Amino acid sequence: MVIEDTLFVLWLLLAGPLWATVGLFILPGVNQGRGEKEQVPATTLKIAGLVGGFALGPVGLGLFYLEPTLIRRSSLTLGVVLTVFLSSQVLARIVDPNLPAALWLLLAGPLWAALAAYFIPRHYRDLEADDQNALTAAALGGFAIGPLIFGLMWKTVPKVNRDWMISLGALGAWQIYALFAIQNPANPCVALPYAATYLTQQTANGIVIGCIYSLMAVGLTLIYSVQGVVSFAHGQLYMVGGYFSFYFLLHAGNVLSELTGTEVSVNPIWGIPVAAVIVFVMGAIFERVFLKPMHEGLIERVSEYAILITFGFGFFLEYTTLAIAGPFPQKTDRFIQIRRFTLDRFHFNDEVFFGPIHIIGDRAFAMVVGVALIFALLYFLQRSWTGRALRATSQDRQAAAVTGINPTNMNTLSFAMGSMLAAMSGAALIPIFNWVPWVGAEMVGRSYVIVVLGGLGSVPGALAGGIIVGIVEALGAGCHPDPSRGAAYKEAFALVIFALVLLLKPTGLFGREQH
Amino acid sequence: MLAFRRFERAIDSGIGRRKLGYLMIALIIAFFLWFPNDTSQSNYAKTVFISGFFYAIMSSSWALLAGIAGQFSFGHMAFMGIGAYVAGLIARDGVAFAMLGVNITPESISSLGAIIIGTVAAGAVGLVIGWLLLRLRSAYLALFTIAFSELFRIIMLTEYDYTGGSNGLSLRPLLQIADVNAARQVEYYLMFGLLIVCLLALYWVANSPIGLFLRAMREDEDAASALGVNVVRYKILVFVFTSMIVGFAGAIFYSDVGSERIIPEQLEILQMSLIIAYAVIGGMESLIGAAAGAFISRYLLEAMRQVVISLPFGLTTADGSDAFVWDTGYWRFALFGVVMVFTLRYMRNGLLYPIITWFSGRDIAMKETVSIRESDDDEGAAPTEADDE
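Protein sequences appear in the order of chains A and B.
Per the working numbering, the first sequence runs over residues 68 to 582.
Per the working numbering, the second sequence runs over residues 2 to 390.
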């Protein structure tokens, strides 16, 4: 930290912190010898002294002292602007590579986000304005534009809609990206000719994997919306789904090879329906035995019981799988076996190319499966009688029962279907990832982030949340300066989203309001 | 059955159940105090007991948090890990002090000082997480702490320059005793003493007015809040308190008392689920039940490593030996999971509940009347839901 020139030292002598201190103590003296009506509030005077002294030194102080009418909002605003300008001058004269980051931390960033998030919603409540989203907008705005958010939201108290949050959030994200680019110019995410391709590529990867995340999260959200229960066995059901697929393919391959006398391997796509059916039955049985009594009022403190019983189920599944399959990584064959297939624009070998973007064939296939299943589910929920009955039950149990829907069956169906979706995403991912009995723990943390981000109980929310989490993970892992750490910290990026959502908007993007 | 009734009557007219209960507790404590002096026992048995005490602390503090306060945290192991890792890192290279600009060399910190710093760190993280999450419904706490503990494990695994990665981190030893047998004995008494102290502290909280508030909140948060209980503050208080207890216990246990080094594997969700299973099987609403459940389960899991069934009548197995030998491996945990699920469904207050009830002479479980509660909820909830749609 080196201070460069004499002009700056001059400013330090003629204005700056020294005169700010002087002003803080001298200016309240204005009130002496004045009548009751002409008194200026002491706090205003102190602030005026601080700002005037800092920005203009003795000149400002003298002006305020002689003419207290100048101490009004307009003059204070002028003082603030001057202060900001001059302190940026201070910072510009300090030679330091971390300067842009320090400047941003001072003028915007988390500090102002916290300040705005604390004060603005209280201000809204004091004025009895509509404070929905005020917290989110204030925090994002403080993060992106610093103290200016007070200017935007303090005086007029505007009603905040979604555009505000999107533009402010985008501005903040852009600032982080710019700072990142200044700090680390050699990173593939910012090094120019390739950055665009690289970022598009990472985003595409994120979307692809995000669709599978969504499939799993949709199961969780389906269970929650009908039963009001978060299934803590979801990760284990996902893991078990993968193993069912694996063992089915192994045995089916062996049997077919013996029958035909040649080496036959079954495409992993056949593992998906098998895993789905088995886990559907498992989920239904578990629901009937352990969760049904809960809805019949046989059990005290339902929410506790629901957490623990599903957790215990997951515990049992995980250790049973460990005992049967052992702690060794397993993998099935791949979905797509095309060796080399070239078109003019598109290439199909092991990877699928779309112009500059290429996606590993298996992942693309898994994405197609995931999206198809989600849309099939949405179609089922919207169009079929059973699907409508499920939605009706999730909206109002009593009313649904009156119209002839059996809520008990709907509970069982929702749990079984949710578990089935987890198992299907497991069976769709086992050709891609190495499968060990504890894969579920990692994956389930992610799907909790997704359902909270999208809003607990909302199917479109789970879809959007899954894609957002997938993109953030891919970008975070791809742009981390140390690639091996970036890959290890994949989940950490999702967890940051989790914390932010809980802080700013616990209902999530599409969630119903909490009671 | 009749004989039991007669015995019961005799006890009631004699010394009374409560006194008999205290006598039993005294006997159990006497047994634990005597145990390491038994020269026929190996050091292995003492080690099993030491880890049993440690898990008893973990699961009884979890019982306070989940059973009495009704807050489901899956981050208990992570807080234990924070205590242990911070204590180890502070005493090893003092990076934190250098960052703060304080001129303290790591050598000048005693192992006890490091442990205390670790405890405070666990409490501080607990405060932040509690402040973030305890305003919301209980499911959010469970969701976040699962993700948080997984993240903490991954950080400890990845930052191997500091934490030693999967090799683990060794903390500065708390005791320096050259003789192995004597060291084991001292460690045993230290851990047992810690268990007693922690149980007393937990009981003190549970039986103070705070404990009463916590139970009230667990049963009906809105009602408690309407009656003037500052719900969020008490939830945060108990969360920080239990975090500090487990941080303290973890830092001591891994300071070469029960284990030489802390490894990230200890922080897995599977380990956390074991703690929960111990507490559930022992009884979530009684702290001593959870502690006893943890100790007994720990002992049984250790004893069940290899199951040997001797065949009667001179029968032999296929390979000619006269006993079945089964290395249980992970099956014992799977069995444990089955026991946990069925305990939850059919004996909600734990397997030790009948014994504790019999000795205390009253029903310890805090029951709520389910049927009344249901109808209340329905009347209250219907209009608000209609508003939202």
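The beta carbon of each residue, even a glycine, is placed where N, CA and C say it ideally should be.
Keep in mind it's a predicted model, so treat the numbers as computed, not measured.
Since residue i is in the beta strand (DSSP E), which residue starts that stretch and which ends it?
| i | result |
| --- | --- |
| GLN242(A) | Run containing GLN242(A): none in the beta strand (DSSP E); it sits in the alpha helix (DSSP H), 229-250. |
| ASP328(B) | 324-328 |
Under 8 Å between the Cβ atoms of residue i and residue j?
| i | j | result |
| --- | --- | --- |
| GLY381(A) | GLN462(A) | no |
| MET59(B) | ALA295(B) | yes |
| ILE345(A) | ALA494(A) | no |
| ASP152(B) | TYR86(B) | Per the sequence shown, the amino acid found at residue 152(B) is Leu instead of Asp. No. Outside cutoff. |
| LEU213(A) | ALA253(A) | Note that residue 213(A) is Gly in the sequence shown here, rather than Leu. Not in contact: GLY213(A) and ALA253(A) (Cβ atoms no closer than 8 Å). |
| VAL516(A) | LEU488(A) | no |
| ARG219(B) | ALA92(B) | no |
| VAL539(A) | PHE560(A) | yes |
| ILE499(A) | LEU282(A) | no |
| GLY350(A) | SER486(A) | yes |
| GLY15(B) | SER361(B) | no |
Closest Cβ-Cβ distance between residue i and chain B: below 8 Å?
| i | result |
| --- | --- |
| ASP411(A) | Only weak support exists for where ASP411(A) lies, its pLDDT of 46 falling under 50; the value from the coordinates is given anyway. Not an interface residue. |
| GLU558(A) | yes |
| TRP505(A) | yes |
| LEU520(A) | no |
| VAL435(A) | no |
| GLY545(A) | no |
| PHE378(A) | yes |
| PRO474(A) | no |
| PHE500(A) | no |
| PHE577(A) | no |
Below 9 Å on C-beta distance, what does residue i contact in chain B?
| i | result |
| --- | --- |
| TYR372(A) | LEU345, ARG346, ARG349 |
| ARG552(A) | THR159, GLU160 |
| ALA508(A) | ILE147, GLU151, GLU269, ILE270, LEU271 |
Using a cut-off of 8 Å between C-beta atoms, extract the partners of residue i located in chain B.
| i | result |
| --- | --- |
| PHE482(A) | By Cβ distance, chain B contributes nothing, its closest Cβ being about 15 Å from PHE482(A), past 8 Å. |
| ALA468(A) | Those do not exist, as ALA468(A) stays about 11 Å from chain B at its closest Cβ, beyond 8 Å. |
Please list the partners that residue i has in chain B, where partner means a Cβ-to-Cβ separation under 7 Å.
| i | result |
| --- | --- |
| TYR386(A) | TYR331, PHE334, ALA335, GLY338 |
| GLY512(A) | ILE147, ALA148, GLU151 |
Is there a C-beta anywhere in chain A that falls below 8 Å from the one on residue i?
| i | result |
| --- | --- |
| SER61(B) | no |
| ILE427(B) | The structure shown does not extend to residue 427(B), since chain B is modelled only from 2 through 390, so no value can be given for it. |
| ALA123(B) | no |
| GLY290(B) | no |
| VAL126(B) | no |
| TYR235(B) | no |
| LEU137(B) | yes |
| TYR56(B) | no |
| VAL281(B) | yes |
| SER274(B) | yes |
| VAL326(B) | no |
| ILE2(B) | With the sequence shown as reference, residue 2(B) is identified as Met, and Ile is not the correct amino acid for it. Output row for MET2(B): interface = no. |
| GLY294(B) | no |
| GLY284(B) | no |
| PHE73(B) | yes |
Since residue i is in the alpha helix (DSSP H), which residue starts that stretch and which ends it?
| i | result |
| --- | --- |
| ASP223(B) | 222-227 |
| GLN72(B) | No alpha helix (DSSP H) contains GLN72(B), which DSSP labels as neither H nor E. |
| SER324(A) | 301-327 |
| VAL563(A) | 557-571 |
| GLN307(B) | Element bounds for GLN307(B): not the alpha helix (DSSP H) but the beta strand (DSSP E), 307-311. |
| TRP63(B) | 44-63 |
| TRP332(B) | 332-347 |
| PRO255(A) | No alpha helix (DSSP H) holds PRO255(A); DSSP gives it neither H nor E. |
| ILE216(A) | 215-220 |
| ARG154(B) | 139-159 |
| LEU207(A) | 201-212 |
| MET245(B) | 232-253 |
| ARG192(A) | 176-193 |
Which residues of chain A have a Cβ atom closer than 8 Å to the Cβ of residue i, listed in chain order?
| i | result |
| --- | --- |
| SER244(B) | Correct list: empty, because the minimum Cβ distance to chain A is about 17 Å. |
| MET341(B) | GLY379, PHE382, PHE383 |
Which chain A residues are close to residue i, counting only those with a beta carbon under 7 Å from its beta carbon?
| i | result |
| --- | --- |
| LEU134(B) | LEU569 |
Say the cut is 7 Å; is the CB of residue i nearer than that to a heavy atom of the ligand ZN?
| i | result |
| --- | --- |
| ASN182(B) | The ligand ZN is not among the ligands present in this structure, which contains no ligands whatsoever. |
Taking the runs of the alpha helix (DSSP H) that are 4 residues or longer, which of them lie wholly in the region 336-371 of chain A? 338-353, 359-362
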